[in-house]
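Single-structure report; data block below.
Numbering (full-length UniProt numbering), first residue to last: 1 to 227.
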């Protein structure tokens with residue numbers, strides 16, 4: 001009983017640390033998720049474009065970024081980008097660590113969104129795209145009005161897997177000065193609190209967040225079930 005009380009005390013007496021850390025985690029997740037969904041949709045459309053140059057650019061971006069570890073991408077934005085932006089001749093905007101973490105997470109996650117969406121586009125019967133061209137719709141019109149709505153419905157499970165991975169990837173930003181869930185251990189150490197119990201609470205909260213995403217996933221699977 002004493003061990004359980006001590007375990008609970010670590011959470012209740014340090015709730016400010018957990019709230020601050022997970023607020024930033026959720027902020028990184030929501031903003032990066034929205035950005036990666038938009039960018040990934042654009043890149044996914046480029047991957048199936050009838051224009052060879054657009055397909056090549058989309059393929060290069062996806063292959064280059066997916067084969068680069070997320071740690072290296074965030075390291076560039078944390079260490080390299082500020083130096084580039086601070087030079088006198090630079091036209092790059094100066095961003096803080098949180099904004100740079102969002103950019104890095106967005107660029108990385110967008111590649112997985114694009115590939116998930118491309119697989120969904122490939123499930124749409126080719127005849128529908130041909131029929132759209134026959135009635136005079138452009139590639140952009142056929143994508144937005146006919147193909148993408150069906151593709152999103154077909155990619156609910158893989159898309160949510162991408163966003164669950166994004167939620168966990170936000171902890172990587174802790175290594176580059178962003179105060180989020182990954183830094184909770186450091187603050188507990190400064191307060192001389194038991195770090196093991198603290199990390200177990202971090203894991204429990206992450207599991208709870210992933211379970212919430214799984215519930216949302218099942219809801220959309222039922223609502224957008226593809227016949």
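Glycine residues also receive a C-beta, built at the ideal position from the N, C-alpha and C atoms.
Only a predicted model underlies this, so the values are computations on that prediction, with no experimental measurement involved.
Check: Taking all protein chains shown into account, do 16 or more other C-beta atoms lie within 10 angstroms of the C-beta of residue 18, making it buried, or fewer, making it exposed?
Finding: For the purposes of this step, residue 18 is taken as residue 18 along the chain shown, with counting starting at 1. Buried: at least 16 other Cβ atoms inside 10 Å.
Item checked: Local Cβ density within 10 Å of residue 102, reported as buried at 16 or more and exposed below that -> Working through the chain shown from its first residue, we reach residue 102 at position 102. With 16 or more Cβ atoms within 10 Å of its Cβ, residue 102 is classed as buried.
Check: Counting only runs that start and end within the region 37 to 125, where is the beta strand (DSSP E) found for 3 or more residues in a row?
Finding: none
Item checked: Stretch pair the region 22 to 37 + the region 153 to 170: three plus CB contacts closer than 8 Å -> yes
Next item on the list: Out of 222, 11 and 66, point me to the one whose CA is closest to residue 201's CA.
Entry: Position 201 of the chain shown, counting from 1, holds the residue named residue 201. That would be 11, whose Cα lies nearest to the Cα of residue 201.
Checklist line | Cβ pair residue 32, residue 109 closer than 8 Å | finding: The residue you call residue 32 lines up with position 32 of the chain shown. The residue you call residue 109 lines up with position 109 of the chain shown. Yes; because the gap between Cβ atoms is below 8 Å, this pair is in contact.
Notebook entry, point to check: Whose C-beta lies closer than 6 Å to the C-beta of residue 188 among residues of the same chain, with five residues either side of it excluded?
Noted result: As a first step, residue 188 must be located in the chain shown, where it is residue number 188. These residues qualify, in order along the chain: 195 and 198.
Margin query: Out of 94, 153 and 223, which one is the CA nearest neighbour of residue 118?
Written below: One-based indexing of the chain shown puts residue 118 at position 118. Comparing Cα positions, the closest option is 153.
Next item on the list: For residue 65, I'd like the list of residues in its chain whose CB is within less than 7 Å of its CB, leaving aside the five on either flank, ordered along the chain.
Entry: If you number the chain shown from 1, residue 65 lands on position 65. Correct list, in chain order: 107, 108 and 111.
Margin query: If distances are taken between C-alpha atoms only, which option among 100, 73, 72 and 71 comes closest to residue 85?
Written below: By 1-based counting over the chain shown, the position of residue 85 is 85. Nearest option by C-alpha distance: 100.
Check: Counting along the chain, where does the alpha helix (DSSP H) carrying residue 153 start and finish?
Finding: Stepping through the chain shown from its first residue, residue 153 is reached at position 153. Its alpha helix (DSSP H) spans residues 148 to 154.
Notebook entry, point to check: Going by alpha carbons, who is nearest to residue 138 out of 169, 168, 67 and 50?
Noted result: Walking along the chain shown from the start, residue 138 turns up at place 138. Per the Cα distances, 50.
Note to self: In this structure, how does DSSP classify residue 193 when only helix, strand and coil are distinguished?
What the structure shows: The count along the chain shown starts at 1 and reaches residue 193 at position 193. In the structure shown, residue 193 sits in coil (DSSP, three-state: anything other than H, G, I, E or B).
Item checked: Reduced DSSP category for residue 8 - H, G, I as helix; E, B as strand; rest coil -> Translated into positions along the chain shown, residue 8 becomes position 8. Correct three-state label for residue 8: helix.
Notebook entry, point to check: Alpha carbon to alpha carbon, how far is residue 221 from residue 159?
Noted result: Position 221 of the chain shown, counting from 1, holds the residue named residue 221. Position 159 of the chain shown, counting from 1, holds the residue named residue 159. If I take the Cα positions, the gap works out to 11 Å.
Checklist line | When 130, 213, 16 and 148 are compared against residue 42, the one with the closest alpha-carbon | finding: Here residue 42 is taken as the residue at index 42 of the chain shown, counted from 1. That would be 148, whose Cα lies nearest to the Cα of residue 42.
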